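Here the structure is laid out as C-alpha cells; the discussion comes afterwards.
Residue numbers (full-length UniProt numbering): 1 to 359.
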C-alpha cells in the first residue's frame with residue numbers, strides 16, 4: 001500500500017500511510033523507530049521532561065545507526081500550549097529538538113485559539129531551523145510541521161498558519177483532545193473539502209485495524225494516525241499492567257469516558273480549558289461518580305490515587321484509551337502492527353471493489 005503523493009512529497013521514506021501518534025509517557029525512541037523502520041512514521045512524545053526527550057532522541061539516532069547531522073526519519077510531538085506558560089522554555093525545547101534533526105514536529109493544543117495559536121510555533125520552527133543550519137555545516141532543512149485539530153475551523157486556522165500536514169482528530173480518540181468534536185465519518189470529509197487540495201490530511205481517533213484505515217482513506221484522508229493500537233505494542237514504554245488493561249477492555253464506547261478527573265489526580269491541570277481526556281473507566285472514576293463531589297472527596301480520591309501509583313495498580317491509575325480499545329486484542333511488535341494494517345487494508349479495499357461492482 002503506497003502513501004499518497006501529497007505525503008510522500010514531504011516524507012519520502014514513508015511507504016505506508018500509517019503514523020504512530022505521539023503519546024506522553026508511552027511514545028519513546030523504541031516505538032518511533034520501530035514504526036518508521038516498518039515504513040510508517042513514528043513520533044516521540046515531547047512530554048514534560050526535556051532531559052528525557054534529549055536522551056530519547058540520542059537513543060533514536062543510535063537505534064537507527066544514523067550519523068550525527070543526518071535527518072532522522074522520526075518525529076517529535078509538542079504540547080503547543082506550553083509556549084504561553086513559559087516562552088523561554090519553549091525556545092529551549094525547540095533548540096534541543098532541532099539539534100537532533102527529526103523529520104517532523106507535531107503541534108497539539110495551542111493556548112491561543114485561531115491561526116495565531118499555531119502560527120507563532122510555525123514561525124519559531126522556521127526561524128530555529130534556519131539558525132540551526134546556519135550555525136553548522138548542515139544543509140538547510142526544517143521539519144515537516146503537523147497540526148492536530150478537532151474541527152473544520154481549527155483545520156482552516158492551521159492551514160492559514162502555514163502547517164504542512166493537518167491531523168483531524170475525531171471524538172473517539174483516546175488521551176487528551178477537544179471536549180467538543182465529531183466522529184471521523186463526518187469530520188474527515190468536511191475538513192478535506194475545506195482545505196487546499198495540496199495540503200495532506202491525516203485522520204486520528206478510533207482507527208485500530210485495516211478496516212479503519214481503509215475507511216478514513218475512503219473519506220479523503222491521506223493516512224491515519226493511531227495511538228491506542230500502538231499502546232499494545234512491545235515497544236510502548238508502559239507497564240505490563242497498563243497493557244493488560246488495554247487488552248482486556250472491550251466495548252469502548254461504554255468502557256471509556258471523557259474527563260479531566262485524571263488530570264486533577266495527577267496534577268496536570270494546566271491544559272487549556274477546551275481539552276479533556278478519554279480514558280478507561282476504573283475505580284477512580286467509579287468512586288468519584290459515587291461521591292458527593294466535595295473537596296474532601298477529592299482529597300480522599302487523590303490519596304487513593306497516590307497509593308495506587310506507588311503500587312502500580314491500574315485498577316485505579318489512568319489508562320488513556322480510545323473507543324476502539326476493544327479491537328486491541330494482543331501485544332505485538334510495532335512493525336508487525338504496521339504490516340498487519342497494510343495487509344488488512346488491501347484486503348478490505350479488494351472486497352469493497354467486488355461488492356460495488358457486483359451490486
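Ideal Cβ positions, reconstructed from N, Cα and C, are used throughout, including at glycine.
The model shown is predicted, which means the values in this text are computed figures rather than measured ones.
Contact holds between the region 33 to 43 and the region 72 to 92, because three or more Cβ pairs, one in each stretch, are under 8 Å apart.
By the neighbour-count definition (other C-beta atoms within 10 Å, threshold 16), residue 314 is a buried residue. Under the criterion of beta carbons closer than 8 Å, residue 333 and residue 234 qualify as touching, at roughly 5 Å.
Looking from the CA of residue 82, the closest CA among 11, 179 and 47 belongs to 47. In the displayed model, residue 251 falls within coil according to three-state DSSP, outside both helix and strand. Residue 169 is a Cβ neighbour of residue 205, given a cutoff of 9 Å. Just measuring C-alpha positions, the residue of 118, 329, 38 and 30 sitting nearest residue 245 is 329. Exclusion of the five residues before and after residue 28 leaves 44, 56 and 237 as the residues of its chain whose Cβ lies within less than 7 Å of its Cβ. In this structure, residue 175 lies near residue 278, with their beta-carbon atoms less than 9 Å apart.
According to DSSP, residue pairing for residue 108 in a beta bridge involves 79.
For residue 13 and residue 289, the gap between their C-alpha atoms comes out near 48 Å. In this structure, residue 266 and residue 318 form a Cβ contact; the two beta carbons are roughly 7 Å apart against a cut-off of 8 Å.
Counting along the chain, residue 284 sits inside the alpha helix (DSSP H) bounded by residues 283 to 290. With a 10 Å radius around the Cβ and a threshold of 16 neighbouring Cβ atoms, residue 243 comes out buried.
For residue 277, the uninterrupted beta strand (DSSP E) run begins and ends at 275 to 280, by DSSP. About 5 Å separates the CB atoms of residue 164 and residue 144; that is less than 8 Å, so the two are in contact.
The three-state secondary structure of residue 126, taken from DSSP, is helix.
In the three-state scheme derived from DSSP, where H, G and I count as helix and E and B as strand, residue 258 is classed as strand. Take residue 239, set aside five residues on each side of it, and the residues of its chain with a beta-carbon closer than 7 Å to its own are 312, in chain order. Residue 173 has its alpha-carbon roughly 25 Å from the corresponding atom of residue 37.
The criterion of a C-beta distance shorter than 9 Å is satisfied by residue 159 and residue 196. For residue 239, the secondary structure class from DSSP, reduced to helix, strand or coil, is coil. Note on geometry: alpha-carbon atoms of residue 30 and residue 228 lie some 16 Å from one another.
Closest by C-alpha distance to residue 287, out of 303, 273, 274 and 60, is 303. For residue 118, the closest C-alpha among the options 102, 256 and 147 is that of 147. Ranked by Cα distance from residue 69, the first of 142, 348 and 251 is 142. Classified as exposed, residue 357 has fewer than 16 neighbouring CB atoms from the shown chains inside 10 Å of its CB. Of the residues assessed, residue 350 falls on the exposed side of the cut-off, its CB having fewer than 16 other CB atoms within 10 angstroms.
Counting along the chain, residue 100 sits inside the alpha helix (DSSP H) bounded by residues 87 to 100.
Contact between residue 231 and residue 184 does not hold, since their C-beta atoms are separated by about 19 Å, which reaches or exceeds 8 Å.
In the three-state DSSP reduction, residue 70 falls in the coil class, being neither helix nor strand. Bounds of any alpha helix (DSSP H) do not take in residue 13, whose DSSP letter is neither H nor E.
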